[in-house]
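Residue numbers (my numbering): -8 to 519.
Cβ atoms here follow ideal geometry from the backbone N, Cα and C, with glycine treated the same way.
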Amino acid sequence: MTLEGYIFVYQDVRGKWMSEGTFDDIRPTNLKNGKKEIDESTDTYDLLEWLSKNLQNYNGKAGMYGISYPGFYSTVSLVKTHPSLKAVSPQAPVTNWYMGDDFHHNGVLFTGDAFKFMSSFGIPRPKPITPDQAPKTFQYPSKDVYQFYMNAGTAKDLKDTYFGGSVKFWNDAFAHPHYDQFWKDREILPHLTDVKPAVMVVGGFFDAEDAYGTFETYKAIEKQNPKNNSILVAGPWFHGGWVRGDGSSFGDIQFDQKTSVTYQEKFELPFFNYYLKGKGDFKAAEANIFITGSNQWKAFEKWPPQDVENKKLYLQPQGKLGFEKVGRTDSWDEYVSDPNKPVPYQGGVMESRTREYMIDDQRFASSRPDVMVYQTEPLTEDMTIVGPITNFLKVSTSGTDADYVVKLIDVYPANSPSFNNKVMDGYQMLVRGEIMAAKYRNGFEKAEPMQPDFVTAVNYSMPDVAHTFKKGHRIMIQIQNTWFPIAERNPQQFFESYEATASDYRKATHRIFHDQNNSSYIEFSVLK
């Protein structure tokens, strides 16, 4: 874009780096329009107004884009938009730090990401500073991040030992464990009701930070602005992967083409050229999706696609998975979950949380007694799953609270081609995983205990996917109660998890039901 002659303007958000004022994480959007009331959208408006009067060689048409937190600021620019803003691209935008981005997923604290990020970003800044003066990100004292968090103790211990009350947002999260007004005030999506610029939302299916924000931002804009020019581009990328490398592979998985180069040449540059310079003829589809497994770009008139067939995949006895409900009664699998021996999110010893865990081989978990494993027979034909996945679990626990992790996995057959000297025979590729706090099964505003040894429905959705399970592969589901240390451990007793101490963690016996009256299954859409 530099070669196209664009003028780039960078502005530090209020209260960060060299900008004056007080910073507020995902600052609430203020729609009262009072002269003294400010937010990130009014700051954007003021900047564009200043540029329109002071910038030389400016044609009066502005665009905006950003990845992650800057993606959020791109989204915010769509509220109370300046007339000169013609094209906006929120990319992996931070959207909701309680429901699915960065800080929490479905009410569960994402300890590792939240702690590491806030160890530098959350440190108070008494006066404007340059980037080289910024606090350094916390460096783990050992080569084993799993053991570091085990030794560190609980989320409360981390707060007290390492932050000492100095990180405002960490304190706020502890003070607001439920989805109360603090979090609702920070919802940006309801404000996207009068979007005027053209919008291109961009994100990766394997984004560990903000996959949720990508798809929810696009869907909200589409639903609330049906006549607006808004499109979606989603590929096989980690967080920001579409501008970091060529996108031909990720971890152990190859994509047979340079997906990031395709994005830059066919989508990003043409999008801004068309809307800001009147150059070219930008005719991208409504949804431009790279489907992994089959490794091909597909154009759709809508996302999620409409030409689909809804499927239910049922858990069955003896670790089986099928499209028919089990006919028998009183069928379940029983196991013990111990939060003092949590299931790791990744195999081996890791120095830090890797990007690749989003697609990593899950065989390290499938052999554990506290992970329930179900898989289909080898598929007789390709099956492409698109859009969100909804989990319908029937469970019980001997405790009064629990978290549930569901993982959708692609099991490779024997004689699969090796990649980068990696033997792929039997590889268990994570396609999507997500956690849910059972205490919020009836709503995130109020926590409710589980009744011990009583069959309970725990239903929740996982972020969108676009993946082809090839002929000869198997579909696997793994279910577990811990996912450490990315997710905070549940003490398996009903009280505020943030207040848990080491002595509060309890073993619990869990059952996953799969019979005629209490079926557990996942529901998804398959391309016709």
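Determine, using beta carbons only, whether residue i and residue j come nearer to each other than 7 Å.
i      : j      : result
Met363 : Asp401 : no
Gly98  : Ala78  : no
Phe63  : Val85  : yes
Asp352 : Tyr403 : no
Ile520 : Tyr336 : The displayed coordinates of the chain run from -8 to 519. Any statement about residue 520 would go beyond what the structure contains.
Lys461 : Asp329 : no
Thr250 : Gly269 : no
Ser322 : His505 : yes
Thr367 : Leu312 : yes
Note down the Cα distance separating residue i from residue j, rounded to an integer number of angstroms.
i      : j       : result
Lys218 : His73   : 19 Å
Ser75  : Val186  : 13 Å
Val158 : Val4    : 18 Å
Thr102 : Asp198  : 17 Å
Gln442 : Tyr153  : 36 Å
Thr492 : Leu100  : 15 Å
Val252 : Trp233  : 8 Å
Ala356 : Met420  : 12 Å
Thr541 : His464  : The shown model of the chain, from -8 to 519, leaves out residue 541, and the question about it has no answer.
Ile29  : Gln307  : 55 Å
Trp88  : Asp444  : 32 Å
Asn452 : Ser240  : The sequence as given places Ser at residue 452; Asn does not occur at that position. Straight-line Cα distance between these residues: approximately 27 Å.
Lys519 : Gly(-4) : 44 Å
Val386 : Gln484  : 16 Å
Ser524 : Pro482  : In the structure displayed, the chain extends from -8 to 519; residue 524 sits before or after that span and is not available.
Tyr254 : Tyr137  : 36 Å
Lys274 : Thr(-7) : 23 Å
Within the continuous alpha helix (DSSP H) that includes residue i, where are the two ends?
i      : result
Gln215 : Ala202 to Gln215
Tyr254 : Thr250 to Tyr254
Gln172 : Gln172 to Lys175
Gln138 : Val136 to Ala143
Asn286 : Note, Asn286: premise wrong, no alpha helix (DSSP H); not H, not E.
Tyr60  : Tyr60 to Val67
Leu39  : Glu31 to Asn45
Phe262 : Leu260 to Phe263
Thr500 : Not the alpha helix (DSSP H): Thr500 falls in the beta strand (DSSP E), residues Ala499 to Phe504.
Assuming the contact rule is C-beta atoms closer than 8 Å, residue i and residue j should be a hit. Round their C-beta distance to whole Å, please.
i      : j      : result
Asp135 : Val397 : At roughly 27 Å, the Cβ-Cβ gap does not stay under 8 Å, so Asp135 and Val397 are not in contact.
Ser32  : Val0   : Rounded, the Cβ-Cβ distance is 17 Å, inconsistent with contact.
Ile513 : Leu304 : 5 Å
Ala457 : Phe196 : 6 Å
Pro333 : Thr391 : That pair is no contact at about 19 Å.
Could you spell out the range, first to last residue, of the beta strand (DSSP E) harbouring residue i?
i      : result
Met363 : Met363 to Gln366
Trp323 : Trp323 to Ser328
Lys77  : Leu76 to Gln82
Asp455 : Thr447 to Phe460
Within the 7 Å Cβ cut-off, does residue i reach chain C?
i      : result
Ser343 : Going by chain labels, chain C is absent from the structure shown, which holds only one protein chain.
From this set, the options, which residue's C-alpha is nearest residue i's C-alpha?
i      : options                           : result
Phe129 : Thr367, Ser343 and Lys175         : Ser343
Phe14  : Ile114, Asp92, Thr388 and Ala146  : Ile114
Gln172 : Pro19, Ile350, Lys519 and Gln366  : Pro19
Tyr326 : Thr(-7), Asn472 and Met467        : Asn472
Phe383 : Ala448, Tyr489 and Asp392         : Ala448
Gly194 : His182, Ile280, Ala143 and Asp104 : Ile280
Lys289 : Gln245, Val377 and Lys210         : Val377
Gln82  : Ala125, Gly155, Pro181 and Thr208 : Thr208
Met9   : Val414, Pro119 and Met(-8)        : Pro119
Thr459 : Gln469, Ala499, Ala202 and Leu399 : Leu399
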